[in-house]
Amino acid sequence: LQIRQQPVAARACGYGERDRRVIDPPPILELRVTDSSSGGLDWEEMKYNLNVLHCTLWNEAGDAETPVVPDQRRPTRQLMGQVVSSPSVAKDETGMEGCFFCFPDLSCRQPGKYRLRFVLMRIDPLNLPVGGTNPLLAHIMSDVFTVYAAKDFPGMRPSSALTKALKAQGCNIQVKK
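Last residue of the sequence shown: 168 in the numbering used here, with the numbers rising by one and none dropped.
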């Protein structure tokens, strides 16, 4: 797994659904699997549609998950939005084909410095024993990003060439001017 587009900033979204603001830029990861016999890319494995990437929110040090907002009577999720992504085979901004996972709909409730942890797993209902778990194939941690209070948020950045290239090929990701 490689993070092709790191999260940089977000505006804290508070507790209302209408006020949600996404992490900018949207994290984009690429999966590259090498065939052990040929040394080339294993496209069959990379295009396997039962691979999913799951995202969780971690503290700045990357040593503890921060799943809920502290000091709440009712536990409230800190990371909002679509935390699971399926693979999209597309060409990047240079025309190279790859297997990408996009996270265009992630928001954080509280200001602070955080990291995102991404875990690749295979969900194969035919090979999953009753009460079993899905194997974790790989994981990676993002760089630190900042979630700002509304008054301190520096604003959204223009979309990257990678974001525009993936959007043009049908990936569900927003493009900003």
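The C-beta atom is built at its ideal place from N, Cα and C for all residues, glycine as well.
For residue 49, does the count of other Cβ atoms within 10 angstroms reach 16, so buried, or fall short, so exposed?
Position 58 of the sequence shown, counted from the first residue, corresponds to residue 49. Buried: at least 16 other Cβ atoms inside 10 Å.
Determine the DSSP secondary structure at residue 104, reduced to helix, strand or coil.
As a first step, residue 104 must be located in the sequence shown, where it is residue number 113. Residue 104 falls in the strand class under three-state DSSP.
Residue 43: which of 111, 148, 125, 160 sits nearest, CA to CA?
Sequence index remark: in the sequence shown, residue 43 carries index 52 (1-based). Residue 111 is the option with its Cα nearest to residue 43.
To the nearest whole angstrom, what separates the beta carbons of residue 79 and residue 94, a pair I think is in contact under 8 angstroms?
Locating residue 79 in the sequence shown gives position 88, where the first residue counts as 1. Locating residue 94 in the sequence shown gives position 103, where the first residue counts as 1. The Cβ separation is near 12 angstroms, so there is no contact.
Which residue comes first and which comes last in the beta strand (DSSP E) that contains residue 124?
In the sequence shown, the residue the question calls residue 124 occupies position 133. Element bounds for residue 124: n/a, residue is neither H nor E.
8 angstroms Cβ cutoff, residue 30 in contact with chain D:
Protein chains in the displayed structure number just one, and chain D is not present.
Just to confirm before moving on: does the CB-CB distance between residue 132 and residue 106 stay below 8 angstroms?
For this step, residue 132 is matched to residue 141 along the sequence shown. For this step, residue 106 is matched to residue 115 along the sequence shown. Against a cut-off of 8 angstroms, the Cβ pair of residue 106 and residue 132 comes out as a contact.
So, is residue 89 buried or exposed, given that buried needs 16 or more other C-beta atoms within 10 angstroms?
One-based indexing of the sequence shown puts residue 89 at position 98. With 16 or more other Cβ atoms within 10 Å, it is buried.
Hey, would you say residue 45 sits closer than 8 angstroms to residue 74, going by beta carbons?
Residue 45 sits at position 54 when you count from the first residue of the sequence shown. Residue 74 sits at position 83 when you count from the first residue of the sequence shown. Yes, Cβ-Cβ distance for residue 45 and residue 74 is below 8 angstroms.
Look at the alpha carbon of residue 30 and the alpha carbon of residue 37, and state the distance between them as a whole number of angstroms.
One-based indexing of the sequence shown puts residue 30 at position 39. One-based indexing of the sequence shown puts residue 37 at position 46. Going by the C-alpha atoms only, they are around 14 angstroms apart.
Reduced DSSP category for residue 32 - H, G, I as helix; E, B as strand; rest coil
Indexing the sequence shown from 1 puts residue 32 at position 41. Reduced to three states, the DSSP call for residue 32 is strand.
Extent of the continuous alpha helix (DSSP H) run through residue 0:
Locating residue 0 in the sequence shown gives position 9, where the first residue counts as 1. Here residue 0 belongs to no alpha helix (DSSP H); instead the beta strand (DSSP E) covers 0 to 2.
From this set, -4, 151, 3, which residue's C-alpha is nearest residue 70's C-alpha?
For the purposes of this step, residue 70 is identified with residue 79 of the sequence shown, where counting begins at 1. Among -4, 151, 3, the Cα nearest to that of residue 70 belongs to 3.
Please state the DSSP three-state secondary structure of residue 137.
In the sequence shown, the residue the question calls residue 137 occupies position 146. Residue state, collapsed to three classes: strand.
Would you identify the three-state DSSP class for residue 15, choosing helix, strand or coil?
Within the sequence shown, the letter at position 24 stands for residue 15. Strand at residue 15.
What do you get for residue 202, buried or exposed, if any count of 16 or more other CB atoms within 10 angstroms of its CB means buried?
Absent from the model: residue 202. The displayed extent of the chain is -8 to 168, so no value can be given.
Could you give the distance in angstroms between the alpha-carbon of residue 65 and the alpha-carbon of residue 100?
Taking the sequence shown and counting its residues from 1, the one referred to as residue 65 is at position 74. Taking the sequence shown and counting its residues from 1, the one referred to as residue 100 is at position 109. Their backbone Cα atoms lie some 14 angstroms apart in a straight line.
By alpha-carbon positions, which one of 113, 81, 103, 97 ends up nearest to residue 39?
The residue given as residue 39 occupies position 48 in the sequence shown. Looking at the Cα atoms, 113 is the closest of the given residues.
Tell me which same chain residues have a C-beta within less than 7 angstroms of the C-beta of residue 103, skipping the five on either side of it?
Stepping through the sequence shown from its first residue, residue 103 is reached at position 112. For residue 103, where only same-chain residues beyond five positions count, the Cβ hits under 7 angstroms are 138.
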